[in-house]
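Just below is one structure, and these are the notes that go with it.
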Amino acid sequence: MTTLAYDVAAIRADFPILSRTVNGKPLAYLDSAASSQRPRAVLEAVEYYETNLHSNVHRGVHTLSQLATDAFEGARDRVRRYLNAASTREVVFTRGATEGINLVAQAWGRSHLQRGDEILISAMEHHANIVPWQLISETTGAKLVVVPINDRGELDFEAYLTLLSSRTKLVAMTHVSNALGTVLPIARIVAEARARGITTLVDGAQAIAHEAVDVQALGCDFYVFSGHKLYAPTGTGVLYGREALLNAMPPWQGGGDMIRTVSFEKSTWNELPYKFEAGTPNISGVIGLAAAMDYVESLGLDHIAAHERSLLTEATAAISAIPGIRIHGTAEHKAGVLSFTLEGVHPHDLGTILDHEGVAIRAGHHCAMPLMDLLGVPATARASFGCYSTLAEVRQLINAVQKAREVFA
Amino acid sequence: MELQDLYREVILDHNKRPRNFGRLDPHDALANGHNPLCGDRLTITLNLDGQRIDDVKFEGNGCAISVASASMMTEAIKGKERSEVNALFDKVHALLTQQDAPADDLGKLAALSGVREFPARVKCASLCWHTLNAALADADNASPISTE
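These protein sequence lines are chains A and B, in that order.
Just so you know, the first sequence maps onto residues 4 to 412 in our numbering.
Just so you know, the second sequence maps onto residues -14 to 133 in our numbering.
What follows is the structure, encoded as structure tokens:
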């Protein structure tokens, strides 16, 4: 059970949207793995910035431009501390995890990959950690190699070790599976790659809100995540990159802010991290991201994780007791994600019936079509938890699943 | 908006026991339909007798709405002229998307009227009709061009 220190009612009061109703029922928002909700602290930080500080950043000498730049760069340092990166030069703002991976695939991949090189991913990657590598493989002749998973949805570590070879140039793996909830042994994965001199990228989209990430301790070369899964606005994200690697990479997009000098003959590039931030960034969103990090750390990531784990345990037990339920992803180490199917009821119908009962879940392929093929299902229903999720919402979910069984009886 | 409006008896019945389920072999035309949002997939095969749909079958998997819609569609179009099928398509499309669309002469297909209250599900119900159109286009492409 949750500790006394964790006051979920007080936390819920911080999230205005959670008090609304859906279809006449209290909202049970169990779709935080798709996108989390925003606490008032984030909404207020964004509003304060837009109301008092806004101007373009890194340009102009007027007061607002300086205030906006200070706030934006302050947010960058907030992210650096959250990740324990060595320097703010290693913190590149993006639109999200997807853009971070595409940036690495294009800028690093174009300058480092050759015909015959291999990129190792797992069988449970999100499309965002598959397709960018396919695109760069088409132009460089590199090859995507997939590490299999076992029946429980865990990475086959022995197979991983076997597949690591002199041809492997990059290991790009998810930290936590969005479709199954599996927490990968990412430190061991990175360590094995590093020992062989292989570059590593970690997709932290699903991990960032659920466990403390220390990129220096982890030792990865790149770590990406999205702000909106960490209670921050959409359109924000971070690419952490080891400084030496970022320095050696050519720019990705060209435009304002990423250059030092431009002439019609030739341009030179700005220093890190600005070399990778062409155009005006999502300033208010990034300021919201910094506020979200303050908020999450005020709750304590360990406490959030313990709370979500207890909900997952309760939900798994309760849903398993319903006849016809099959849980997809039964790894020993799981984050707050419960993926399931109900015999005789398509996940899409389940999603509609649950919504009618006020329960918001994801029904679909979770942007992981190859994984769905492996599981032998077209789609699954997925309930996922955040810092504000409650046992009452879990009960609402269970009752709604029972209702779906009745409709399709 | 009530669940019973969406999951009417006739829809649940066609989902459980889809009619004309399978594949015609040989067939005059075939088309695959896919809704990537929810993973619904279906294949329609049909045989024509001139401009008349002589026989039609579908197979695949999907949600109750898409399976029932495909099942009821095959029942409704079998033996009909293509011009009648086109008119039916327009009526069903209106039924799925317009609040005041009439359903009186649609027979069983009228059961789909509840879908319009659930906008996320309209594509599930219309997938089979779009696939049917693709199959008919396939038939046109496959038929030998007459110089007469």
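Virtual Cβ for every residue (Gly too), placed ideally from N, Cα, C.
CB contact below 8 Å: residue i versus chain A
{"i": "B:C48", "result": "yes"}
{"i": "B:G24", "result": "yes"}
{"i": "B:E133", "result": "Because B:E133 sits at a pLDDT of 44, beneath the cut-off of 50, its placement in the model cannot be relied upon, and the following sentence gives the value as read from the coordinates. It does not: the Cβ of B:E133 has no partner Cβ on chain A nearer than 8 Å."}
{"i": "B:T116", "result": "no"}
{"i": "B:A122", "result": "no"}
DSSP beta-bridge partners of residue i
{"i": "B:D40", "result": "B:N32"}
{"i": "A:G367", "result": "A:T383"}
{"i": "A:K337", "result": "A:T185"}
{"i": "B:H19", "result": "B:R26"}
{"i": "A:T271", "result": "A:T264"}
{"i": "B:E66", "result": "B:R37"}
{"i": "A:I328", "result": "A:L345"}
{"i": "A:K28", "result": "A:V25"}
{"i": "A:L123", "result": "A:V148, A:V174"}
{"i": "B:N46", "result": "B:R26"}
{"i": "B:A14", "result": "B:L31"}
Contact under 8 Å by Cβ, residue i with residue j
{"i": "B:V52", "j": "B:L81", "result": "no"}
{"i": "A:D206", "j": "A:T239", "result": "no"}
{"i": "A:V299", "j": "A:L233", "result": "yes"}
{"i": "A:R398", "j": "A:R385", "result": "no"}
{"i": "A:Y391", "j": "A:R15", "result": "yes"}
{"i": "B:F6", "j": "B:C113", "result": "no"}
{"i": "A:L345", "j": "A:A407", "result": "yes"}
{"i": "B:I29", "j": "B:A127", "result": "no"}
{"i": "A:G184", "j": "A:A338", "result": "yes"}
{"i": "A:I139", "j": "A:Q117", "result": "no"}
{"i": "B:D(-2)", "j": "B:C109", "result": "no"}
{"i": "B:S54", "j": "B:L97", "result": "yes"}
{"i": "A:G379", "j": "A:S35", "result": "no"}
{"i": "A:H349", "j": "B:C48", "result": "yes"}
{"i": "A:T203", "j": "A:V193", "result": "yes"}
{"i": "A:S287", "j": "A:Y52", "result": "yes"}
{"i": "A:L249", "j": "A:L275", "result": "yes"}
{"i": "A:A89", "j": "A:Q219", "result": "yes"}
{"i": "A:L30", "j": "A:A309", "result": "no"}
{"i": "A:H369", "j": "A:N181", "result": "yes"}
Cutoff 8 Å: residue i Cβ touching any chain B Cβ
{"i": "A:M413", "result": "With chain A running from 4 to 412 in the structure shown, residue 413 of chain A is simply not present."}
{"i": "A:P381", "result": "yes"}
{"i": "A:M375", "result": "yes"}
{"i": "A:T319", "result": "no"}
{"i": "A:F343", "result": "no"}
{"i": "A:I189", "result": "no"}
{"i": "A:I356", "result": "yes"}
{"i": "A:G156", "result": "no"}
{"i": "A:H349", "result": "yes"}
{"i": "A:H369", "result": "no"}
{"i": "A:A410", "result": "As written in the sequence, residue 410 of chain A is Val, which differs from the Ala given in the question. Cβ-Cβ to chain B under 8 Å: yes for A:V410."}
{"i": "A:H65", "result": "no"}
{"i": "A:H359", "result": "yes"}
{"i": "A:D352", "result": "yes"}
{"i": "A:E396", "result": "no"}
{"i": "A:T6", "result": "Low confidence applies here, because A:T6 scores a pLDDT of 46, under 50, leaving its location unreliable; read the following figure in that light. So, not an interface residue."}
Interface flag, residue i vs chain D, CB-CB below 8 Å
{"i": "A:V148", "result": "Among the protein chains of the structure shown, namely A and B, there is no chain D."}
| query | Hey, which unbroken runs of the alpha helix (DSSP H) at 4 residues or more fall wholly within the segment 40 to 74 of chain A? | reply | Fully enclosed alpha helix (DSSP H) runs of 4 or longer: 43 to 51.
| request: Mind checking the segment 91 to 114 of chain B against chain A and listing, in chain order, the residues whose C-beta falls within less than 8 Å of any C-beta there? | output: Correct list: F103, A105, R106, C109.
| request: Identify each residue in the segment -13 to 15 of chain B for which the Cβ-Cβ distance to at least one residue of chain A is less than 9 Å, and report them in chain order. | output: Within the segment -13 to 15 of chain B, contact with chain A at the beta-carbon level (separation under 9 Å) is assigned to E(-13), L(-12), Q(-11), L(-9), Y(-8), L(-3), N0, K1.
| Contiguous beta strand (DSSP E) assignments of at least 3 residues, all confined to the segment 129 to 193 of chain A | Fully enclosed beta strand (DSSP E) runs of 3 or longer: 146 to 150, 171 to 177.
| message | Could you tell me which whole alpha helix (DSSP H) segments of length 4 or greater appear in the segment 57 to 128 of chain B? | response | If we require 4 residues or more, the alpha helix (DSSP H) runs fully inside the segment 57 to 128 of chain B come out as 67 to 82, 107 to 127.
| Entirely enclosed alpha helix (DSSP H) segments - the segment 203 to 260 of chain A, minimum 4 residues | Scanning the segment 203 to 260 of chain A from its first residue to its last, the whole alpha helix (DSSP H) runs of 4-plus residues come out as 218 to 221, 246 to 251.
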